[in-house]
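S.K.: Protein sequences, first through last, are from chains A and B.
If you read the first sequence in our numbering, its first letter stands for residue 61, the second for the next number, and so on.
If you read the second sequence in our numbering, its first letter stands for residue 61, the second for the next number, and so on.
Protein chains: 2
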Amino acid sequence: MSDPRPIGVFDSGVGGLTVVRRLREEFPRESFLFLGDTARLPYGTKSPETVERYSLANVRFLLERDVKFLVVACNTASALALPAIERVSPVPVVGVIEPGADAAVATGFQRIGVIGTEATIASGAYTREIARRAPGLSVVARACPLFVPLAEEGWVENGVARETAEIYLAPFRDDRVEALVLGCTHYPLLKTTIAMTLPGVRLVDSADAVCAAVRPLLTPARRNEEESEYHVCVTDAADRFRAVAERFLGRPIDRLEHVEITGDL
Amino acid sequence: MSDPRPIGVFDSGVGGLTVVRRLREEFPRESFLFLGDTARLPYGTKSPETVERYSLANVRFLLERDVKFLVVACNTASALALPAIERVSPVPVVGVIEPGADAAVATGFQRIGVIGTEATIASGAYTREIARRAPGLSVVARACPLFVPLAEEGWVENGVARETAEIYLAPFRDDRVEALVLGCTHYPLLKTTIAMTLPGVRLVDSADAVCAAVRPLLTPARRNEEESEYHVCVTDAADRFRAVAERFLGRPIDRLEHVEITGDL
Numbered sequence: 061m062s063d064p065r066p067i068g069v070f071d072s073g074v075g076g077l078t079v080v081r082r083l084r085e086e087f088p089r090e091s092f093l094f095l096g097d098t099a100r101l102p103y104g105t106k107s108p109e110t111v112e113r114y115s116l117a118n119v120r121f122l123l124e125r126d127v128k129f130l131v132v133a134c135n136t137a138s139a140l141a142l143p144a145i146e147r148v149s150p151v152p153v154v155g156v157i158e159p160g161a162d163a164a165v166a167t168g169f170q171r172i173g174v175i176g177t178e179a180t181i182a183s184g185a186y187t188r189e190i191a192r193r194a195p196g197l198s199v200v201a202r203a204c205p206l207f208v209p210l211a212e213e214g215w216v217e218n219g220v221a222r223e224t225a226e227i228y229l230a231p232f233r234d235d236r237v238e239a240l241v242l243g244c245t246h247y248p249l250l251k252t253t254i255a256m257t258l259p260g261v262r263l264v265d266s267a268d269a270v271c272a273a274v275r276p277l278l279t280p281a282r283r284n285e286e287e288s289e290y291h292v293c294v295t296d297a298a299d300r301f302r303a304v305a306e307r308f309l310g311r312p313i314d315r316l317e318h319v320e321i322t323g324d325l
Numbered sequence: 061m062s063d064p065r066p067i068g069v070f071d072s073g074v075g076g077l078t079v080v081r082r083l084r085e086e087f088p089r090e091s092f093l094f095l096g097d098t099a100r101l102p103y104g105t106k107s108p109e110t111v112e113r114y115s116l117a118n119v120r121f122l123l124e125r126d127v128k129f130l131v132v133a134c135n136t137a138s139a140l141a142l143p144a145i146e147r148v149s150p151v152p153v154v155g156v157i158e159p160g161a162d163a164a165v166a167t168g169f170q171r172i173g174v175i176g177t178e179a180t181i182a183s184g185a186y187t188r189e190i191a192r193r194a195p196g197l198s199v200v201a202r203a204c205p206l207f208v209p210l211a212e213e214g215w216v217e218n219g220v221a222r223e224t225a226e227i228y229l230a231p232f233r234d235d236r237v238e239a240l241v242l243g244c245t246h247y248p249l250l251k252t253t254i255a256m257t258l259p260g261v262r263l264v265d266s267a268d269a270v271c272a273a274v275r276p277l278l279t280p281a282r283r284n285e286e287e288s289e290y291h292v293c294v295t296d297a298a299d300r301f302r303a304v305a306e307r308f309l310g311r312p313i314d315r316l317e318h319v320e321i322t323g324d325l
């Protein structure tokens, strides 16, 4: 059995392209249709109902474009909208929270920290998923709202980034966490600063674990690698995103398109 | 002549309520209908076409609720969408850029700095409006993207705020600016830190100048002050905004409503 249709991936912005990059290394014969909801980002500061509404509109768009698989490459949308997406989707759905929880448990450490957006942390999704897998672990979760704008400003290793990281992360030292889940696709950009602030703590990037969750559910394509296509759609003006999107993706984009998502209700 | 209908005011978030507060002091007999587009904020990082589209949807909403006057209490929307709004509006429209330019020129200083969001600064609106009024002035404008998330995090006077202000504002010292326009409704929250970074520089809050622009165009209401109403609508979940909105407004809100703006196209 094979299926030539693309894998659909969405994020509130273009950070989720790092997930596509990881998927591409693992599944080089697949084509990808990525949707970045750049006109309505960020999701991480918004309410559960708004995040769910936007996520369902994104899913409708991807399904109308006939994707064979859905990857929710946004921690906030995964934390708040996955059940609603699974209810409407006729194709398999994978988010980033459960793979991240798998990866956290797989470290073998007993004291786990989680960082994410306000909405992700308020949802308790990581804490719940880790507890389901390993009820004995200690899990402490904290929101780091300024990490996203810092990453977008490119201030990832300067004094402001270090002082911000110190304020947000110092409590994890008191908690003696051994591993820290980077629960937002922007945070890996701050990895160096986070590692300096919490020396000796294992950093867990949930995108690493997504491929393992996708593989058993995927009906693969059978084309040659060079025939696979990378199509990126954004809801805000497209051109300013090409350079940053190609940097995140690690290869040229075959098609960059500005789309309007009208399913706001 | 009198007109009992409310004055309609919108902003991307609730920061624009500081403008309502100023208007309220000046026009205590007026009722206000404020719309904060909190589900789609921020506008300042988005493209001109998206900001215009969202602004027109907000205007349609306010006009359907029968406002007698429109105040665009968002610098980004004023910079990018005012001509489009004026084309569709049957009622008078006032933005914050032109009053801010008036106020900057009124300082009498020769070297003016302007700070704002990326979208506001990229539009060149303040520079253009100041030059129209006083072609001889030197105007330097710079975007300060992290000031909005810092204000929202409440980090307005800590080390991170000071170091961020130093990075963004130090170039204005080299330019020897004498007055600085705070071209975003969030920035007055950082006034203390900005003043410490640029000692001796006059800070210009464009909201101060809005009342003067509204007065000659307004058909006033004739009710008693205690009969005026403050109705606030937000597009993201309402409850979490009540406390912060009442703080910005400086009085209780008579009615807080969660609305969905469907005019996304």
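Backbone N, C-alpha and C fix where the C-beta goes; we use that ideal spot for every residue, glycine too.
Looking only at its chain, what residues have a beta carbon closer than 7 Å to the beta carbon of B/Asp71, apart from the 5 residues adjacent to it on each side?
M.R.: Counted from its first residue, the second sequence places residue 71 of chain B at position 11. Within the same chain, B/Asp71 has close Cβ partners Gly96, Ala133, Cys134, Thr245.
S.K.: In this structure, how does DSSP classify A/Tyr103 when only helix, strand and coil are distinguished?
M.R.: Counting from 1 along the first sequence, the entry for residue 103 of chain A is found at position 43. DSSP places A/Tyr103 in coil when its eight states are reduced to three.
S.K.: For B/Gly310, which residues of its own chain have a beta-carbon under 6 Å away from its beta-carbon, when the five flanking residues on both sides are left out?
M.R.: Residue numbering aside, residue 310 of chain B sits at position 250 when the second sequence is read from its first letter. Closer than 6 Å at the Cβ level, and outside the excluded window around B/Gly310, lie Arg81.
S.K.: Starting from B/Leu95, trace the beta strand (DSSP E) both ways and give me its first and last residue.
M.R.: Looking up residue 95 of chain B in the second sequence gives position 35. 92-96 is the extent of the beta strand (DSSP E) around B/Leu95.
S.K.: Relative to the alpha-carbon of B/Ala211, which residue among B/Pro88, B/Arg202, B/Ala272, B/Lys251 has its alpha-carbon at the smallest distance?
M.R.: Within the second sequence, the letter at position 151 stands for residue 211 of chain B. Out of B/Pro88, B/Arg202, B/Ala272, B/Lys251, B/Lys251 has the C-alpha closest to the C-alpha of B/Ala211.
S.K.: At a threshold of 6 Å, does B/Lys251 count as lining the ligand MG (C-beta to nearest heavy atom)?
M.R.: With respect to small molecules bound, the structure shown includes none, and the ligand MG cannot be examined in it.
S.K.: Report yes if the CB atom of B/Val127 is closer than 7 Å to the CB atom of B/Pro66, and no otherwise.
M.R.: Taking the second sequence and counting its residues from 1, one reaches residue 127 of chain B at position 67. Taking the second sequence and counting its residues from 1, one reaches residue 66 of chain B at position 6. Contact: yes.
S.K.: Could you please give me the residues that DSSP links to B/Arg202 through a beta bridge?
M.R.: By 1-based counting over the second sequence, the position of residue 202 of chain B is 142. Here B/Arg202 is bridged, per DSSP, to B/Ile175.
S.K.: Do B/Glu146 and B/Val156 have their C-beta atoms within less than 7 Å of each other?
M.R.: Numbered from 1 along the second sequence, position 86 holds the residue referred to as residue 146 of chain B. Numbered from 1 along the second sequence, position 96 holds the residue referred to as residue 156 of chain B. Cβ atoms of B/Glu146 and B/Val156: not closer than 7 Å.
S.K.: Please name the residue, chosen from B/Arg283, B/Leu116, B/Thr253, that lies closest to B/Ala230 on a Cα-to-Cα basis.
M.R.: If you number the second sequence from 1, residue 230 of chain B lands on position 170. Nearest of B/Arg283, B/Leu116, B/Thr253 to B/Ala230, Cα basis: B/Thr253.
S.K.: Which first and last residues belong to the alpha helix (DSSP H) in which A/Leu240 is found?
M.R.: Taking the first residue of the first sequence as position 1, residue 240 of chain A is located at position 180. Element bounds for A/Leu240: not the alpha helix (DSSP H) but the beta strand (DSSP E), 239-243.
S.K.: Measure how close the beta-carbons of A/Ile227 and A/Val199 come, nearest whole angstrom, since I'm counting them as under 8 Å.
M.R.: As a first step, residue 227 of chain A must be located in the first sequence, where it is residue number 167. As a first step, residue 199 of chain A must be located in the first sequence, where it is residue number 139. Not quite, the Cβ-Cβ distance comes to about 21 Å (not below 8 Å), so this is no contact.
S.K.: Within a Cβ cutoff of 6 Å, which residues of the same chain sit near B/Met256, ignoring the five residues on either side of it in sequence?
M.R.: Start at 1 with the first residue of the second sequence, and residue 256 of chain B comes out as number 196. There are no such residues.
S.K.: Under three-state DSSP, which class holds B/Arg344?
M.R.: The first residue shown for chain B is 61 and the last is 325, placing residue 344 of chain B beyond what the model contains.
S.K.: Using a Cβ-Cβ cutoff of 9 Å, what residues of the stretch 181-207 of chain B are near chain A? List them in chain order.
M.R.: Answer in chain order: Pro205, Leu206.
S.K.: What are the residues that DSSP puts in a beta bridge with A/Gly68?
M.R.: Here residue 68 of chain A refers to the residue found at position 8 when the first sequence is read from its first residue. Paired residues: A/Leu93, A/Leu130.
S.K.: Could you work out which residues of chain A lie near B/Ala99, taking near to mean beta carbons separated by less than 7 Å?
M.R.: As a first step, residue 99 of chain B must be located in the second sequence, where it is residue number 39. What B/Ala99 touches in chain A: Lys106, Thr110.
S.K.: Compute the distance between the beta-carbons of B/Thr136 and B/Ala267, then report whether it is under 7 Å.
M.R.: Reading the second sequence from its first residue, position 76 is the one you call residue 136 of chain B. Reading the second sequence from its first residue, position 207 is the one you call residue 267 of chain B. No.
S.K.: Apart from the five residues on each side of it in sequence, which residues of its chain come closer than 6 Å, Cβ to Cβ, to A/Arg302?
M.R.: Within the first sequence, the letter at position 242 stands for residue 302 of chain A. Here the set comprises Leu316.
S.K.: Count the other CB atoms within 10 Å of the CB of B/Ala322; is the residue buried (16 or more) or exposed (fewer)?
M.R.: Residue numbering aside, residue 322 of chain B sits at position 262 when the second sequence is read from its first letter. Checking the displayed sequence, the identity of residue 322 of chain B turns out to be Thr instead of Ala. Under this definition B/Thr322 is an exposed residue.
S.K.: For a contact defined as C-beta to C-beta under 9 Å, what are the partners of B/Val237 on chain A?
M.R.: Translated into the one-based positions of the second sequence, residue 237 of chain B becomes position 177. Neighbours of B/Val237 on chain A: none; closest Cβ ~22 Å, over 9 Å.
S.K.: B/Arg119: which of B/Ser107, B/Phe92, B/Val148 sits nearest, CA to CA?
M.R.: Here residue 119 of chain B is taken as the residue at index 59 of the second sequence, counted from 1. For clarity, residue 119 of chain B is Val in the given sequence; the question names Arg instead. Comparing Cα positions, the closest option is B/Val148.
S.K.: From A/Gly104, A/Arg100, A/Pro108, A/Ser107, pick the residue whose C-alpha is nearest to that of B/Thr105; which is it?
M.R.: Taking the first residue of the second sequence as position 1, residue 105 of chain B is located at position 45. The option with the nearest alpha carbon to B/Thr105 is A/Arg100.
S.K.: Excluding the 5 residues preceding and the 5 following B/Ala194 in the sequence, name in chain order all residues of the same chain whose CB lies nearer than 6 Å to its CB.
M.R.: For the purposes of this step, residue 194 of chain B is identified with residue 134 of the second sequence, where counting begins at 1. Only Val165 meet the Cβ criterion.
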